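In terms of this note's numbering, the sequence shown is numbered consecutively and its last residue is 791. Glycine residues also receive a C-beta, built at the ideal position from the N, C-alpha and C atoms. Remember, it's a predicted structure, so these values are computed and weren't measured experimentally.
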Amino acid sequence: MQRLTQFKLWLATRWVVAAGFMAAVMLALVPVLESAFALPLLLIFLHNPGYMIHQVEEHTGDRFRRFANVVMFGGREGLTTASVLVVNVGAVWTLNLGALYAAAFAGPGYGLIAPYAMVVNAVTHIGAAARLRRYNPGLVTAILLFLPLALVTITVIGREPEVSLAEHAAGLGGALILHAVIIASVALRLRRLDR
């Protein structure tokens, strides 16, 4: 049990730096991959390093978790270190890798959850900034990176003749469900804390 606790602490203090390093390595591969991948697949590939760059802005120094707990949750710990790791390392990185494999082996429309998840995330950051009338960690990359990459990806994949409206709906629906699960888990934790 102590080793597991030590591992969690080790991971919690290093994952953001690892994300920045992995994003740089993945982006360094783009010129090679560009010659091997069709454009829709290359764009889906870019979602993981794009998210990792966003995570560096958002989570360096535990900024987003502290911001959310203080500003949005009134000092209550709605987001834990463990939940941040599960969402960002477990869910986001896995989702984008899964979208890449789905796009590669089943067709580009099957990878649409990646750009739609970026759009939903960006809208969430922008909505929070508008509501609170202040910066929130992750806002800059949500606007300057997420929206352009996601919208270009959705447009390029949407031009593929085999991509259906149902695949767009499934991608958007999956992204909305993922974000709803995250919000519900935070709301459930806050409800438990209020008892």
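{"Check": "Which same chain residues end up closer than 6 Å to residue 661 when comparing Cβ atoms and leaving out the 5 residues on each side of it in sequence?", "Outcome": "675, 680"}
{"Check": "Under three-state DSSP, which class holds residue 697?", "Outcome": "helix"}
{"Check": "Is the Cβ-Cβ distance between residue 606 and residue 647 less than 9 Å?", "Outcome": "no"}
{"Check": "DSSP on residue 758, reduced to helix/strand/coil?", "Outcome": "coil"}
{"Check": "How many angstroms separate the CA atom of residue 729 from the CA atom of residue 721?", "Outcome": "11 Å"}
{"Check": "On a Cα-Cα basis, can you pick out the residue from 775, 764, 785 that is closest to residue 687?", "Outcome": "775"}
{"Check": "Excluding the 5 residues flanking residue 749 on each side, which residues of the same chain have their C-beta closer than 6 Å to its C-beta?", "Outcome": "639, 711"}
{"Check": "Spell out a yes or no on whether the region 651-667 and the region 732-745 are touching, meaning 3 or more CB-CB pairs, one atom from each, closer than 8 Å.", "Outcome": "yes"}
{"Check": "Apart from the five residues on each side of it in sequence, which residues of its chain come closer than 7 Å, Cβ to Cβ, to residue 558?", "Outcome": "Coverage of the chain is limited to positions 597 through 791, which leaves residue 558 absent and any answer about it impossible."}
{"Check": "So, is residue 657 buried or exposed, given that buried needs 16 or more other C-beta atoms within 10 angstroms?", "Outcome": "exposed"}
{"Check": "For residue 630, count neighbouring Cβ atoms within 10 angstroms of its own Cβ and tell me buried if that reaches 16, exposed if not.", "Outcome": "exposed"}
{"Check": "Please report the residue range of the alpha helix (DSSP H) in which residue 719 lies.", "Outcome": "709-728"}
{"Check": "Taking C-alpha atoms, which residue in 635, 659, 768, 644 lies nearest to residue 792?", "Outcome": "Shown here, the chain extends from 597 to 791; a query on residue 792 therefore has no answer."}
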